[in-house]
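**Q** Sharing a structure, written as structure tokens. Questions coming.
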Amino acid sequence: MSPYSLLRFVLASALALLVCACSSLPTQVSRTESKALSNTGDTRLGQGVAELTKPHPGQSGIRALAEAKEAFAARILLARGAQRSLDLQYYIWHRDTTGELLWEEIWHAAERGVRVRVLIDDANTGGQDAMLATLDAHPNIELRLFNPFANRGFRAGDFMTDFSRVNRRMHNKSFTADNQVSIVGGRNIGDEYFGANMEVGFQDLDVMTVGPVVREVSDEFDLFWNSASAYPGASLLPAAPADGPVQLRASWEANRDREEAREYLAATSRTPLVNEVVQGKLEFEWTKAHVLHDDPAKTLQPVERKDLHMLPQLEAALGRPDKELDLVSPYFVPGKDFTADLSALARRGIKVRVLTNSLSATDVAPVHAGYAKYRRDLLEAGITLYELKPGSAVPRPDKDNRPRGLPGSGSTGGSSASSLHAKTFAADRKRIFVGSFNLDPRSAELNTEMGVVIDSPKLAGQLSSQLDSTLPNAAYLVRLTPQGEMEWIEHEADGRQTTYTNEPGASGLRRLWVNFLKILPIESLL
Numbered sequence: 035m036s037p038y039s040l041l042r043f044v045l046a047s048a049l050a051l052l053v054c055a056c057s058s059l060p061t062q063v064s065r066t067e068s069k070a071l072s073n074t075g076d077t078r079l080g081q082g083v084a085e086l087t088k089p090h091p092g093q094s095g096i097r098a099l100a101e102a103k104e105a106f107a108a109r110i111l112l113a114r115g116a117q118r119s120l121d122l123q124y125y126i127w128h129r130d131t132t133g134e135l136l137w138e139e140i141w142h143a144a145e146r147g148v149r150v151r152v153l154i155d156d157a158n159t160g161g162q163d164a165m166l167a168t169l170d171a172h173p174n175i176e177l178r179l180f181n182p183f184a185n186r187g188f189r190a191g192d193f194m195t196d197f198s199r200v201n202r203r204m205h206n207k208s209f210t211a212d213n214q215v216s217i218v219g220g221r222n223i224g225d226e227y228f229g230a231n232m233e234v235g236f237q238d239l240d241v242m243t244v245g246p247v248v249r250e251v252s253d254e255f256d257l258f259w260n261s262a263s264a265y266p267g268a269s270l271l272p273a274a275p276a277d278g279p280v281q282l283r284a285s286w287e288a289n290r291d292r293e294e295a296r297e298y299l300a301a302t303s304r305t306p307l308v309n310e311v312v313q314g315k316l317e318f319e320w321t322k323a324h325v326l327h328d329d330p331a332k333t334l335q336p337v338e339r340k341d342l343h344m345l346p347q348l349e350a351a352l353g354r355p356d357k358e359l360d361l362v363s364p365y366f367v368p369g370k371d372f373t374a375d376l377s378a379l380a381r382r383g384i385k386v387r388v389l390t391n392s393l394s395a396t397d398v399a400p401v402h403a404g405y406a407k408y409r410r411d412l413l414e415a416g417i418t419l420y421e422l423k424p425g426s427a428v429p430r431p432d433k434d435n436r437p438r439g440l441p442g443s444g445s446t447g448g449s450s451a452s453s454l455h456a457k458t459f460a461a462d463r464k465r466i467f468v469g470s471f472n473l474d475p476r477s478a479e480l481n482t483e484m485g486v487v488i489d490s491p492k493l494a495g496q497l498s499s500q501l502d503s504t505l506p507n508a509a510y511l512v513r514l515t516p517q518g519e520m521e522w523i524e525h526e527a528d529g530r531q532t533t534y535t536n537e538p539g540a541s542g543l544r545r546l547w548v549n550f551l552k553i554l555p556i557e558s559l560l
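Residue numbers (this note's numbering): 35 to 560.
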């Protein structure tokens, strides 16, 4: 870059920052409070759920959505089956194959007269304002942005002038139809979460729920929807273009006509879930389940306000394990306190097992650096550590539709670079948590999260059994040698074993980068 070009760049950046510094969120915002609809018992979903729940009074029905295409199919079926309302809350909603397909179904539902409320975190909506404004302009769709950016064009300006606020996000994920059926879990809306991306895929986990727990999901949604951080789209977005609906329909039609979309839709129509729905034989696990969530005010209050945090709720709900604790977290940064807690459990004879991403599988290297600082302490305490191998084989469900792989098995759709994204914890093979919460400082202190704690030996035992059978071949076992050196053990399906003395599958440059990140004071941001 020439000196003159550099000068122009500096002046342009300074001018942009000056302009952005003048931008702020609107102070006079008209928020019309609304609640989940309660008069939905006579809908198709309501009548179907009534038949399912009748033999199980007071219990909730839980259906694990481990396979990616089933997770997508479930959302499509709910969007098509809704007659009164759809309440959708997400951190990310991509404009890719699956994202566009779901937006199209949501639009069709609104056209049928369904009331649609969409709450999206604003961190990942850059470049989508015209589309969001068009959706929000539909008379049956109301869209709100959580903790939005004041600068719609130059978002870096908000990070420069309002970092402490915009660094804190709504990470919650739920999809509720007619206040009768909800999906809660780790998946955002996008191809990598639903097995439609053959290059990159996430192994993830959701649960579909019916019964009393759905009302708890709706209460959580209402709390966030009516909070001070949820801004109506019209208060921030530009006016919808006059031909916005025409543009959206054209975009959706083009999306559906692509070969990738046609093949993907055909594959989802053949999933066991769809077959069960067609045959009227959809099965659930019947048990007690409860929703846990942060208070939406968490993003506006000091991190010291622990009364707004869900982590203490989660610890209390899972209870103190007597024998086993299995933790599956893609972004695992335990910190000093949690490392000490886990170490104390292990020293009491509790079998503590952790599955997280390896350096070669993770999509966030700084998080791996934060985890690596505590790896030796965890191992010395007797905790078992597994790190997912990149592109590890993802077995298909067995004949009874029980996943034979890791949590979220099948979600990579055959991708060449699979990465763990499921967040699930099981205690004593009796209780299990499924949700959006990562075991890291960001989930604990900065972002808002939600999930479901389920009292189910069947589901919790299933998770632990999957880890028992699959981890040796799908993940590296990390251990200390008698001399105190760290090593990674890779087991192959044919019985071969390979030992590595450095992070396997990662280049020397990537390992060097992580070692550099370890010394930076960034743990509180991870």
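By construction, the Cβ of each residue, glycine as well, lies at the ideal position given by its N, Cα and C atoms.
My understanding is that A171 touches A274, with C-beta atoms under 8 angstroms, so please give their C-beta distance in whole angstroms.
**A** Going by Cβ atoms, the distance from A171 to A274 rounds to 4 angstroms, so yes, they are a contact pair.
**Q** Using the rule of at least 16 other Cβ atoms within 10 Å of the residue's Cβ for burial, across every protein chain shown, is H402 buried or exposed?
**A** With 16 or more other Cβ atoms within 10 Å, it is buried.
**Q** Please go through the stretch 275-354 and give each complete beta strand (DSSP E) segment of 3 or more residues, from N-terminal end onward.
**A** 319-327
**Q** Take A460 and list the residues in its own chain whose beta-carbon comes closer than 6 angstroms to its own, dropping the five residues that flank it on each side.
**A** D360, I466, A494, L497, S498
**Q** In its own chain, which residues sit with a C-beta less than 7 angstroms from the C-beta of L352, not counting the 5 before and 5 after it?
**A** F459, A461, R465, F467, V487
**Q** Examine the Cβ distances between the stretch 289-304 and the stretch 68-76 and report whether three or more of them are shorter than 8 angstroms.
**A** Because the criterion of three Cβ pairs below 8 angstroms is not met, the stretch 289-304 and the stretch 68-76 do not touch.
**Q** Quick check: the Cα distance between R146 and T74, rounded to an integer number of angstroms?
**A** 16 angstroms
**Q** Assuming N121 contacts R151 (C-beta within less than 8 angstroms), just tell me the rounded distance between them.
**A** Per the sequence shown, the amino acid found at residue 121 is Asp instead of Asn. Contact flag correct, Cβ pair sits at about 5 angstroms.
**Q** How about S483 and D256: do their beta carbons lie closer than 8 angstroms?
**A** As written in the sequence, residue 483 is Glu, which differs from the Ser given in the question. No, they are not a contact pair.
**Q** For D422 versus E537, is the C-beta spacing smaller than 8 angstroms?
**A** A small fix is needed here, since residue 422 is Leu in this sequence, not Asp. Against a cut-off of 8 angstroms, the Cβ pair of E537 and L422 comes out as no contact.
**Q** Short of 7 angstroms in beta carbon distance, which residues of its chain neighbour D212, apart from the five on each side in sequence? Order them along the chain.
**A** T74, T77, L79, G80, A116, Q117, R118, S119
**Q** Might you give, ordered along the chain, the residues of its own chain that have their beta carbon closer than 6 angstroms to the beta carbon of T302, omitting 5 neighbours on each side?
**A** Contacts found: K103, F106, A107.
**Q** Between the Cα of Y405 and the Cα atoms of F180, L480, T243, I553, which residue gives the shortest distance?
**A** I553
**Q** Do L326 and the ligand ADP come close, with the Cβ less than 7 angstroms from some heavy atom?
**A** Questions concerning the ligand ADP fall outside what the structure shown contains, since it holds no ligand whatsoever.
**Q** For a test of the three-state rule: what should DSSP assign to E67, helix, strand or coil?
**A** In the three-state reduction of the DSSP assignment, E67 falls in the coil class.
**Q** Quick test of the definition: if touching needs 3 or more C-beta pairs under 8 angstroms, does the stretch 382-389 touch the stretch 353-373?
**A** yes
**Q** Expressed to the nearest angstrom, what Euclidean distance is found between the alpha-carbon atoms of I305 and E138?
**A** The amino acid at residue 305 is misidentified as Ile; the sequence shows Thr. C-alpha separation (whole angstroms): 21 angstroms.
**Q** Whose C-alpha, out of Y534, E519, V337, N174, is nearest the C-alpha of H142?
**A** N174
**Q** Using a threshold of 8 angstroms, state whether the C-beta atoms of P400 and L551 are closer than that.
**A** yes
**Q** Helix, strand or coil for H142 per DSSP?
**A** Helix at H142.
**Q** Mark Q93 as exposed unless 16 or more other C-beta atoms lie within 10 angstroms of its C-beta, in which case mark it buried.
**A** buried
**Q** Here's the rule I'm using: 16 or more other beta-carbon atoms within 10 Å means buried, otherwise exposed. How should K332 be labelled?
**A** buried
**Q** Which complete beta strand (DSSP E) runs does the stretch 141-176 hold, if anything under 3 residues is left out?
**A** 149-155
**Q** Would you mind working out which of P266, P355, S64 sits nearest L166, comparing C-alpha positions?
**A** P266
**Q** Within this structure, are the beta carbons of R178 and W286 separated by less than 8 angstroms?
**A** no
**Q** By DSSP, does K385 sit in helix, in strand, or in coil?
**A** Three-state DSSP puts K385 in a strand.
**Q** Among residues of its own chain, excluding the 5 on either side of L379, which ones have a beta-carbon nearer than 6 angstroms to its beta-carbon?
**A** V386
**Q** Taking the beta carbon of S453 as the centre, do at least 16 other beta carbons fall within 10 Å, making it buried, or is it exposed?
**A** buried
**Q** What's the C-alpha gap between V548 and P555?
**A** 13 angstroms
**Q** Which of helix, strand or coil does DSSP assign to F183?
**A** coil
**Q** Pick helix, strand or coil for H525, following the three-state DSSP scheme.
**A** strand
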